[in-house]
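Taking it in order: structure first as structure tokens, then the write-up.
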Amino acid sequence: MRWVVLLLSIVVVLPTVCLLWFMLQAMRNERLAVRQKLIDAYDGQLETFTQRLNETTWKPYASQIEQLADRANPPQILAVMAAADPAGWAFGKSAVIYDASGKLLYPIAGESGDEPVEMSELFEAAQRLEWIDRNGAEALKIYTEIAAQTKDDLTWRQAMLGQVRCHRILGDGTRGESVCRLIAYDSKRPPTSPAAIRLTAQARLLLAEIAQNPTAAVEEFLQATLDYDSQSPTWLALDSETRIFLLSKVVDFSGPSGPVDPGQATGYQKRATALMKAEELAATVVRQYPTADGLSKWASGTFGQLEGVESSYGFLYRGTASTLFILGSVESLQTVFDTDKTILNNRNIQLRILDAADQPITATATEGSPLLMTSPGSFFPNWTLELYLTDGDLFDKTAQRQVSLYLWGGILVILVVLLTGALAMQSVGRQIQLNRLKNDFVATVTHELKTPLSSMRMLVDTLLEGHTRDERQVREYLELISRENQRLSRMIDNFLTFSRMERNKNAFTLQSYPPAQIVQSAVEVVENRFQQAGVKFSHDTEANLAEIPADPDAMVTVLVNLLDNAFKYTTSDKQISLRAYRNDSRICFEVKDNGRGMTRKVTRRIFDRFYQADPHLNRTAEGCGLGLSIVQFIVKAHGGRILVESTPGKGSTFTVSLPAIRSHEEPKPA
Numbered sequence: 071m072r073w074v075v076l077l078l079s080i081v082v083v084l085p086t087v088c089l090l091w092f093m094l095q096a097m098r099n100e101r102l103a104v105r106q107k108l109i110d111a112y113d114g115q116l117e118t119f120t121q122r123l124n125e126t127t128w129k130p131y132a133s134q135i136e137q138l139a140d141r142a143n144p145p146q147i148l149a150v151m152a153a154a155d156p157a158g159w160a161f162g163k164s165a166v167i168y169d170a171s172g173k174l175l176y177p178i179a180g181e182s183g184d185e186p187v188e189m190s191e192l193f194e195a196a197q198r199l200e201w202i203d204r205n206g207a208e209a210l211k212i213y214t215e216i217a218a219q220t221k222d223d224l225t226w227r228q229a230m231l232g233q234v235r236c237h238r239i240l241g242d243g244t245r246g247e248s249v250c251r252l253i254a255y256d257s258k259r260p261p262t263s264p265a266a267i268r269l270t271a272q273a274r275l276l277l278a279e280i281a282q283n284p285t286a287a288v289e290e291f292l293q294a295t296l297d298y299d300s301q302s303p304t305w306l307a308l309d310s311e312t313r314i315f316l317l318s319k320v321v322d323f324s325g326p327s328g329p330v331d332p333g334q335a336t337g338y339q340k341r342a343t344a345l346m347k348a349e350e351l352a353a354t355v356v357r358q359y360p361t362a363d364g365l366s367k368w369a370s371g372t373f374g375q376l377e378g379v380e381s382s383y384g385f386l387y388r389g390t391a392s393t394l395f396i397l398g399s400v401e402s403l404q405t406v407f408d409t410d411k412t413i414l415n416n417r418n419i420q421l422r423i424l425d426a427a428d429q430p431i432t433a434t435a436t437e438g439s440p441l442l443m444t445s446p447g448s449f450f451p452n453w454t455l456e457l458y459l460t461d462g463d464l465f466d467k468t469a470q471r472q473v474s475l476y477l478w479g480g481i482l483v484i485l486v487v488l489l490t491g492a493l494a495m496q497s498v499g500r501q502i503q504l505n506r507l508k509n510d511f512v513a514t515v516t517h518e519l520k521t522p523l524s525s526m527r528m529l530v531d532t533l534l535e536g537h538t539r540d541e542r543q544v545r546e547y548l549e550l551i552s553r554e555n556q557r558l559s560r561m562i563d564n565f566l567t568f569s570r571m572e573r574n575k576n577a578f579t580l581q582s583y584p585p586a587q588i589v590q591s592a593v594e595v596v597e598n599r600f601q602q603a604g605v606k607f608s609h610d611t612e613a614n615l616a617e618i619p620a621d622p623d624a625m626v627t628v629l630v631n632l633l634d635n636a637f638k639y640t641t642s643d644k645q646i647s648l649r650a651y652r653n654d655s656r657i658c659f660e661v662k663d664n665g666r667g668m669t670r671k672v673t674r675r676i677f678d679r680f681y682q683a684d685p686h687l688n689r690t691a692e693g694c695g696l697g698l699s700i701v702q703f704i705v706k707a708h709g710g711r712i713l714v715e716s717t718p719g720k721g722s723t724f725t726v727s728l729p730a731i732r733s734h735e736e737p738k739p740a
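For the sequence shown, the working numbering assigns the number 71 to the initial residue and increments by one for each residue that follows.
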């Protein structure tokens, strides 16, 4: 097919080159340049623009910032800047606030680690009862005793949270909710350390999740989290990382599936999203400027680009009591400048504003050098305001119209030619690839089906001709026929599953099913074959595993395919293990072997359809590159994940994880 591609390339490239040459000649002959025109006439308009920029926009803005610093506390300042539509504010989406000495006031930087809390022997005993022995009643008694005796605020909150967990273990949700509320919203006992503050925030989130009246509890959590008044009784002086996490939970709670009234959810979500972006930007800037000392070279009342933060700018205000560093995006400045440019009302000129690093703030100018250059004003030190002439005289306009006609006509023809050629080449390429895949697939299927059929036919012919020594040999031949039949059945099942994948039909019947039975069923399928091949095969299932939502036959297919894969790619001294265990809220199935292993490049493609890590090995072993893609298809249909860890020469480990069913949940159909 090489000559077809060459012919198509000539058909596309030759007319395009000829057309481009014609366009260049036409534009060169038509362009009549008379560019320079009465520069002094635009000097007055440029002066008017800079005066408007400073007198009517930025001086009032600086006054607003000064008033905001006097009347609002630090968190409120950030909240005002983060408002989705801050009417009257020319610039700002976030803020960093320092005190008069340059110390950071807000946002609150996360500490490298709170003071370590040494657990008493009594506390450790309660935790052993709770987590290891699962004895909620006894653990509750100890936690209650600790909370009553301790004078340390952090220990009290830890013990109270332990009570909440124990009440939940004992099924007393009402009492657990009551205790959790004491931690979360008791204004008589405010938290006294960063760690205690975070535990309070944790209790608020936990209360919203376990409350018997979720709507009211979530509403209370949303309002407390979005309250940025540091004088409010619900205010918590949280570090940036924790606050951003809580704001993300506000977004989740106010989503379509949350318990919040839809009429209010949009407002909550909009405000939380804006605050979260503001907190993230402020946290990034704080890493660059942990104190106001880093801004010593930044003049008060001026704008500048933020170092290390792409497309972001800042406005610095130094007051008597505090320093405000207002943060915003380049888009905010573009909006203001584009609005002010409308006073020029002249389509023949174009303005471009460059920051101190010569990065354009407004739209890129046309070709040529600027006619005029000046400073945008005292608010923008080392910035440049450029004026370009975008229109010429009558002759130039006439030439431009003719050039535009040639240009657009040529572009249209080129696009048609290129599009036609691309479609033709794509069609030819797709047909070539389709034929190759079809031939490869037919050859693979033919080989994989023919091998077991040929083996069974040979064995059956031998039995029919009576060429056997005794009943033992007959039984041996029948067992060989059975194994080839099982191999053929597995292969056909894989082809049927692949066909269902191709038709995007993944209708699995999910039911609550114990992982142990899935493991046992898979073991029964492969155990006899592994024993005869001398495989050191072991399997282990953790006791008391929670049930999973699964199609039992499909999940057995997953494990059998993984075990077959381990068997195939493990040569001498085969050692294969299958293990089922719990990892947090998920049930994991692990298949491990000591085989050939895989490189990182191979592991990235191992789940692709028809991909074979070692084609030479597959000539002597069964398989057509579908097993692992089928495994991934079934696992994803169950809402699970599959991971692979492999080291060349040391073996591979495949881990399938599925969500465990809680006692109150029912499996959903896939």
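We put the beta carbon where it would ideally sit given N, CA and C, even for glycine.
- Here residue 152 carries a helix assignment [DSSP, helix/strand/coil].
- A distance below 8 Å separates the beta carbons of residue 280 and residue 238.
- In the DSSP assignment, residue 443 falls within the beta strand (DSSP E) that extends over 442-444.
- Beta-bridge annotation (DSSP): residue 663 is paired with 646.
- Its Cα nearest to that of residue 381, the residue 398 stands out among 553, 231, 398.
- Membership of residue 606 in the beta strand (DSSP E) is indicated by the continuous run 606-611.
- About 6 Å separates the Cβ atoms of residue 287 and residue 277, confirming a contact at the 8 Å cut-off.
- For residue 630 and residue 581, the gap between their C-alpha atoms comes out near 20 Å.
- Contact between residue 639 and residue 666 holds: their C-beta atoms lie close to 5 Å from each other, under 8 Å.
- Rounded to whole angstroms, the gap between the alpha carbons of residue 94 and residue 88 is 10 Å.
- Put simply, of 628, 717, 719, 664 the residue whose alpha carbon is nearest the alpha carbon of residue 711 is 628.
- In the three-state reduction of the DSSP assignment, residue 456 falls in the strand class.
- By the Cβ criterion, the stretch 328-337 is not in contact with the stretch 128-146, since fewer than three pairs of Cβ atoms, one from each stretch, lie closer than 8 Å.
- Membership of residue 620 in any alpha helix (DSSP H) is not indicated; the residue belongs instead to the beta strand (DSSP E) covering 618-620.
- As computed with DSSP, residue 165 is found in a beta bridge with 396.
- The stretch 613-626 makes no contact with the stretch 662-677: fewer than 3 CB pairs, one atom from each, lie closer than 8 Å.
- About 10 Å separates the beta carbon of residue 366 from that of residue 386, a gap too long to meet the 8 Å contact definition.
- Taken atom to atom, the span from the alpha-carbon of residue 653 to that of residue 703 is near 22 Å.
- With a cut-off of 8 Å on Cβ pairs, the stretch 218-225 is not in contact with the stretch 239-248, counting fewer than three such pairs.
- According to the DSSP assignment, residue 321 belongs to the alpha helix (DSSP H) that extends over 310-323.
- Selection 458, 346, 655 evaluated against residue 298 yields 346 as nearest (Cα-Cα).
- Under the three-state reduction of DSSP, residue 732 is assigned to coil, being neither helix nor strand.
- Listed in chain order, the beta strand (DSSP E) runs fully inside the stretch 355-398 are 372-375, 382-388, counting runs of at least 3 residues.
- Bounds of the alpha helix (DSSP H) holding residue 673 are 670-675.
- Only residues of its own chain outside the window of five on either side were considered, and among them 342, 345, 346 have a CB closer than 6 Å to the CB of residue 317, listed in chain order.
- With at least 16 other beta carbons inside 10 angstroms of its own, residue 593 counts as buried.
- For residue 714, the enclosing beta strand (DSSP E) begins and ends at 711-717.
- Taking C-alpha positions only, residue 116 is separated from residue 423 by approximately 12 Å.
- DSSP places residue 698 in the helix class (H, G or I) of the three-state scheme.
- Counting only residues of its own chain and dropping the five nearest sequence neighbours on each side, residue 303 has a CB closer than 8 Å to the CB of 257.
- Residue 253 has its alpha-carbon roughly 41 Å from the corresponding atom of residue 649.
- Rounded to the nearest whole angstrom, the CA to CA distance from residue 174 to residue 363 is 10 Å.
- Partner residues in the beta bridge of residue 724, as assigned by DSSP, are 661, 714.
- Cβ contact annotation for residue 353 (same chain, cutoff 7 Å, sequence separation greater than five): 177, 310, in chain order.
- In this chain, the alpha helix (DSSP H) harbouring residue 591 covers 585-602.
- Of the other Cβ atoms in all chains shown, fewer than 16 fall within 10 Å of the Cβ of residue 490; this residue is therefore exposed.
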